[in-house]
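*Asks:* Structure provided below as structure tokens; questions to follow.
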Amino acid sequence: MQAIVMTATGAPDVLVVREVGEPRPSEGQVVLRAEAVPVLYPETKVRAGAFPFPAPLPEVFGFQAAGVVTDIGPGADRALLGTRVVASTRGFGSYAELVVAEADSVTPIPDELTTEHAAAILMPGSVALALMRSAGVAGGETVLVEAAATGVGSCLTQLCAAAGARVIGTAGGPRKARLARENGAHGVLDHTAPDWAEQLADLLSDGTVDVVFDSIGGESLTPLLDLITPLRGRVLSYGWLDGAPAQLGVTELILRGLTLTGCAGPAWLDEVARQRSAALTATAQGLLTPVIDSVLPLADAAKAHRMLEDRLAFGTVVLRP
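So the number in my numbering is just where the residue sits in the sequence shown, counting from 1, plus 800.
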């Protein structure tokens, strides 16, 4: 079968097309014929070497795939055979025509949802739902969503707006700003502008932000601290688009009565996994709208990674085996 193999850490060109053997399911596993493989931003960091790859190289790359279950291993539920699902792998193996995954990692796709839309929404939707659960966003609150036109940011914007919050988004450039507004943002700031924190202060007038969903990290939060509601302001840090987590000291938070929740690590990933089914259900019900930038052949995996790294994609890039 055709697959994309990661040969080393490095630039997108380390992802190469190869013919590999077809996988067979072991105890508690299933095999699905992949129809849609989402290209996820964290995958670009793993490929580049920012995070360790969880298997010896060379190895088939990829975190998730959507398709139809074609084979069942011992101990797995036989009812899954022939079912459309999205599967989450152990961090490798999904950029392929056939994908093996643990049976308890697959999420059945509702009939109302296309396979491509399910692939595109599972990761950003489940992360956004986990963030909303942690933040406890209430109607009437003001929420800042950084990178509101990205996958997770788009979902957060939709969910916060539906909850009755006033959503202020940030986006890089007019096209992404338009997408953020379409998702429900009441105001959008260009976070590539050096004075965007000052623009936020002007937009708030004398008000403050109750919740900040931080996907930029680095020093981006420092100029915002005095714009966050004292005593009950919440910051949820879940992304490192600047290359490092939020650079804040405990004293800066204590003196303002703010809380910062770090959304990372095994316990956080478990919470995200618990939201997978809810993410697909919310999408089937119209509460979340997946945005697909493009659908490319599986062989174009390296191109897809370049699109994400160069921030050229306006939505999820999906590979089709």
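Ideal Cβ positions, reconstructed from N, Cα and C, are used throughout, including at glycine.
Suppose you measure from the CA of Leu1041 to the CA of Pro825; what does that come to, to the nearest Å?
*Replies:* Their backbone Cα atoms lie some 36 angstroms apart in a straight line.
*Asks:* Compute the Euclidean distance between the alpha carbons of Gly1065 and Ala928, then round it to the nearest angstrom.
*Replies:* Rounded to the nearest angstrom, the two C-alpha atoms are 16 angstroms apart.
*Asks:* Report the rounded CA-to-CA distance for Glu822 versus Gln1047, giving the unit in angstroms.
*Replies:* Those two C-alpha atoms are separated by around 45 angstroms.
*Asks:* Assign Pro1030 to one of two classes, buried (16 or more other C-beta atoms within 10 Å of its C-beta) or exposed (fewer than that).
*Replies:* It is exposed - the Cβ of Pro1030 has fewer than 16 other Cβ atoms within 10 Å.
*Asks:* Kindly indicate which residue of Arg978, Arg933, Trp996 has the alpha-carbon position closest to the one of Thr1061.
*Replies:* Taking only the C-alpha atoms, the option nearest Thr1061 is Arg933.
*Asks:* Using the DSSP secondary-structure output, state which residues sit across from Ser888 in a beta bridge.
*Replies:* BP columns for Ser888 point to Gln864.
*Asks:* Find out if the Cβ-Cβ distance for the pair Val900, Gln829 is shorter than 8 angstroms.
*Replies:* Taking 8 angstroms as the Cβ cut-off, Val900 and Gln829 qualify as a contacting pair.
*Asks:* So what does DSSP say about Gly1057, is it helix, strand or coil?
*Replies:* Gly1057 falls in the coil class under three-state DSSP.
*Asks:* By alpha-carbon positions, which one of Gly810, Asp877, Gly882 ends up nearest to Pro852?
*Replies:* The option with the nearest alpha carbon to Pro852 is Gly810.
*Asks:* Using three-state DSSP, classify Ala811 as helix, strand or coil.
*Replies:* Residue state, collapsed to three classes: coil.
*Asks:* Out of curiosity, what's the CA-to-CA distance linking Thr1022 and Asp995?
*Replies:* Their Cα atoms are separated by approximately 13 angstroms.
*Asks:* By the three-class DSSP mapping on this structure, what secondary structure does Ser905 have?
*Replies:* Reduced to three states, the DSSP call for Ser905 is helix.
*Asks:* Which residue spans inside the stretch 922-1001 form an unbroken alpha helix (DSSP H) run of at least 4?
*Replies:* Taking only runs of at least 4 residues, the alpha helix (DSSP H) segments lying wholly in the stretch 922-1001 are 951-962, 974-982.
*Asks:* At which residues does the beta strand (DSSP E) containing Thr1116 begin and terminate?
*Replies:* From DSSP, the beta strand (DSSP E) with Thr1116 extends over 1116-1120.
*Asks:* For Ala961, tell me which candidate among Ala947, Ala980, Gly951 has the shortest Cα-Cα distance.
*Replies:* Of the listed residues, the one whose Cα sits closest to Ala961 is Ala980.
*Asks:* Classify Val1009 as buried or exposed, calling it buried when 16 or more other Cβ atoms lie within 10 Å of its own Cβ.
*Replies:* When all chains shown are included, Val1009 counts as buried.
*Asks:* Starting from the N-terminal side, write out each stretch of the alpha helix (DSSP H) that is 4 residues or longer and does not extend beyond the stretch 823-859.
*Replies:* Fully enclosed alpha helix (DSSP H) runs of 4 or longer: 841-848.
*Asks:* With the cut-off set at 8 angstroms, would you say Ala920 and Ile1092 are in Cβ contact?
*Replies:* Result yes, Cβ atoms of Ala920 and Ile1092 sit closer than 8 angstroms.
*Asks:* At what residues does the beta strand (DSSP E) containing Ser1015 begin and finish?
*Replies:* No beta strand (DSSP E) holds Ser1015; DSSP gives it neither H nor E.
*Asks:* What three-state label does DSSP hand Thr1051 in the structure shown?
*Replies:* Helix, per DSSP.
*Asks:* Report the partner residues of Trp816 according to the DSSP bridge assignment.
*Replies:* A quick correction: the sequence has Val, not Trp, at residue 816. In the DSSP output, where bridge partners are listed per residue, Val816 has Val805.
*Asks:* For the ligand HEM, is there a heavy atom less than 7 angstroms away from the beta-carbon of Asp1002?
*Replies:* Only the bare structure without any ligand can be found here, which leaves the ligand HEM out of the picture.
*Asks:* Identify the residues that DSSP records as bridge partners of Ala896: which are they?
*Replies:* Answer is Ala803.
*Asks:* Measure the C-alpha to C-alpha separation of Glu819 and Leu956 and round it to an integer number of angstroms.
*Replies:* About 39 angstroms.
*Asks:* From the DSSP output, read off the bridge partner residues of Glu871.
*Replies:* Before going further, note that residue 871 is Asp rather than Glu in the sequence given. DSSP output for Asp871 lists Val831 as bridge partner(s).
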